[in-house]
Amino acid sequence: MEPAGVALERKIIDPDTYFDHNRPPANLQRTHDQVASFLEKHKASSRPIVLVTSGGTTVPLENNTVRFVDNFSAGTRGSASAEQFLSLGYLVIFLYRENSLQPFNRHYTHNQKGLLDYLQLDNGNVTVDPAYMEQVKSDLLKYLSSKDRLLQVTFTTLSDYLFLLREISRLVAPLGSQAMFYLAAAVSDFFIPSHSMAEHKIQSGSGDLTLRMNQVPKFLRPLVKNWAPLCFIVSFKLETDVKLLEPKAKHALEKYGHQIVVANLLNTRKWQVWLVTRDQDPCVLQISKEDLDAGRDIEQDIVAELARRHKEFMSRDA
Ligand code: PMT
4 MEPAGVALER KIIDPDTYFD HNRPPANLQR THDQVASFLE KHKASSRPIV
54 LVTSGGTTVP LENNTVRFVD NFSAGTRGSA SAEQFLSLGY LVIFLYRENS
104 LQPFNRHYTH NQKGLLDYLQ LDNGNVTVDP AYMEQVKSDL LKYLSSKDRL
154 LQVTFTTLSD YLFLLREISR LVAPLGSQAM FYLAAAVSDF FIPSHSMAEH
204 KIQSGSGDLT LRMNQVPKFL RPLVKNWAPL CFIVSFKLET DVKLLEPKAK
254 HALEKYGHQI VVANLLNTRK WQVWLVTRDQ DPCVLQISKE DLDAGRDIEQ
304 DIVAELARRH KEFMSRDA
């Protein structure tokens with residue numbers, strides 16, 4: 004007999020029917036309203052806009068979730084990229100996993116040093132430790148000068164992510180080529196639909212637990228075809244075997260028909276990526292170990308190159 008918490012379906016679920024069978028997140032309507040008013044506020048600016056997705060999705064094992072399956076993504080790529088897009092004048096919607104890294108604030112969280120390590124008490128007043136003054140000032144200036152162009156939305160589970168992605172895509176889609184999608188989140192390929200999940204905490208009394216998970220349909224297909232067909236779409240491809248990287252990136256481009264895949268390997272992703280398109284040889288971007296150690300982000304190069312290509316894409320459309 005199958006233990007509780009096991010998904011029984013084996014078929015691949017159609018992306019269009021996914022939403023009929025899974026629960027929307029609590030922040031769906033609020034996000035709709037926030038995105039709509041963000042777009043309205045900046046309507047006259049004609050700035051390019053990017054949706055950056057960031058961090059890993061969780062896959063709950065119980066509806067009243069005690070346990071879940073997660074992945075490694077800390078949101079470094081997404082948060083560093085959001086900073087770069089802001090520095091280039093973009094409006095940024097940052098859809099990120101709750102408690103993962105956020106633009107600008109990332110320098111003061113999830114590190115060996117926490118915020119309090121940058122501060123000192125000076126005659127009863129809290130001030131910045133002079134050793135960090137230049138760094139804090141520079142980060143704060145960048146943050147304050149772009150805060151108004153940044154809208155942050157959180158997700159936790161795979162299902163939250165997919166509902167929010169669809170909602171935001173539909174709101175952004177009317178902007179056509181002016182909008183870029185930068186899909187850096189590490190999205191789970193397997194899940195347990197809510198109706199097959201244990202309602203309550205899976206009990207350990209019955210011994211080993213065997214899980215069978217359904218394959219998550221690829222949401223790039225409806226995104227490119229239906230939700231935002233005129234936008235500039237950048238997906239990511241993560242592999243651990245270099246031999247698979249380029250063929251799989253090319254395959255995704257053929258299959259979904261979007262503009263670019265940023266391909267990366269788990270162990271070298273912080274200093275090397277490949278920009279893959281349908282018709283050209285891959286363009287390799289990499290930074291040296293010295294630059295990496297000195298705190299330079301490869302996202303500076305990735306975003307600069309993508310913004311350049313996005314500009315060309317917009318001008319073809321003009
Ligand atoms: O956060 P960091 O620690 O900095 O790590 C950054 C990163 C390695 C997570 C990032 O650079 C990256 O590669 N993100 C994509 C990882 C991933 O999901 O790769 P994939 O090969 O499983 O999926 C490829 C694409 O299909 C992704 O753009 C994803 O949005 C999309 N997808 C995935 C699953 C799914 N069900 N539907 C999808 O459309």
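Sequential numbering of the sequence shown, starting at 4, is according to this note's numbering.
Ideal Cβ positions, reconstructed from N, Cα and C, are used throughout, including at glycine.
Less than 8 Å between the beta carbons of residue i and residue j, yes or no?
| i | j | result |
| --- | --- | --- |
| Val72 | Val62 | yes |
| Leu167 | Leu31 | yes |
| Gly81 | Arg50 | no |
| Leu154 | Val38 | yes |
| Gly78 | Arg100 | yes |
| Pro225 | Pro18 | yes |
| Phe1 | Pro28 | With the chain covering only 4 through 321, there is no way to say anything about residue 1. |
| Leu98 | Val156 | yes |
| Leu295 | Lys314 | no |
On the premise that residue j lies in contact with residue i, defined as a C-beta separation below 8 Å, what is that separation, rounded to the nearest angstrom?
| i | j | result |
| --- | --- | --- |
| Phe316 | Ser180 | 6 Å |
| Ser191 | Thr271 | About 23 Å; that fails the 8 Å criterion. |
| Ala182 | Ala231 | 7 Å |
| Cys234 | Val306 | No, Cys234 and Val306 are not in contact; Cβ-Cβ is about 17 Å, not under 8 Å. |
| Ile301 | Leu288 | 7 Å |
| Arg33 | Ser197 | Actually they are not in contact, since the Cβ atoms of Arg33 and Ser197 sit about 21 Å apart, beyond 8 Å. |
| Ser57 | Ala188 | 6 Å |
| His35 | Glu170 | 6 Å |
| Asp142 | His110 | 6 Å |
Please work out which residues of its chain come closer than 8 Å, Cβ to Cβ, to residue i, disregarding the five sequence neighbours upstream and downstream, and give them in chain order.
| i | result |
| --- | --- |
| Gly8 | Because Gly8 sits at a pLDDT of 42, beneath the cut-off of 50, its placement in the model cannot be relied upon, and the following sentence gives the value as read from the coordinates. Excluding sequence neighbours, Gly8 sits near Leu64, Glu65, Ile195, Met200, Ala201, Ile205, Leu212, Leu214. |
| Gly260 | Val227, Lys228 |
| Val245 | Leu268 |
| Val139 | Tyr121, Val131 |
| Ser48 | Leu94 |
Cutting at 7 Å between CB atoms, please list the residues of its own chain near residue i, excluding the five before and the five after it.
| i | result |
| --- | --- |
| Arg299 | Ile290 |
| Arg319 | none |
| Lys240 | Leu248, Lys251, Ala252, Ala255, Val264, Ala266 |
| Gln123 | Thr130, Asp132 |
| Ser238 | Leu186, Leu223, Ala255, His261, Val264 |
| Glu3 | This structure leaves residue 3 out entirely; the chain is present only between 4 and 321. |
| Asp1 | Past the edges of the chain, shown from 4 to 321, lies residue 1, and the structure says nothing about it. |
Spatial neighbours of residue i within its chain, please: CB distance less than 6 Å, with the 5 preceding and 5 following residues excluded, ordered by chain position.
| i | result |
| --- | --- |
| Val53 | Phe88, Tyr93, Val95, Met183, Tyr185 |
| His45 | Leu94 |
| Asn67 | His203 |
| Asn275 | Per the sequence presented here, residue 275 reads as Gln, with Asn not at that position. So the qualifying residues of the chain are Gln289. |
| Asp304 | Leu288 |
| Leu161 | Thr60, Val62, Ser191, Phe194 |
| Ser90 | none |
Quiz item: For the 8 Å Cβ check, are there 3 or more pairs between the segment 277 to 284 and the segment 256 to 266?
Solution: Yes, they touch.
Quiz item: For the 8 Å Cβ check, are there 3 or more pairs between the segment 104 to 114 and the segment 140 to 152?
Solution: The segment 104 to 114, when compared against the segment 140 to 152, does touch it at the 8 Å Cβ threshold.
Quiz prompt | Ranges of the beta strand (DSSP E) found wholly within the segment 203 to 249, counting only runs of at least 3 | solution = Runs of the beta strand (DSSP E) inside the segment 203 to 249: 235 to 242.
Self-check item: Contained beta strand (DSSP E) runs [length at least 3] in the segment 80 to 147, N- to C-terminal order
Solution: Complete beta strand (DSSP E) runs here, min 3: 94 to 100, 122 to 125, 128 to 131.
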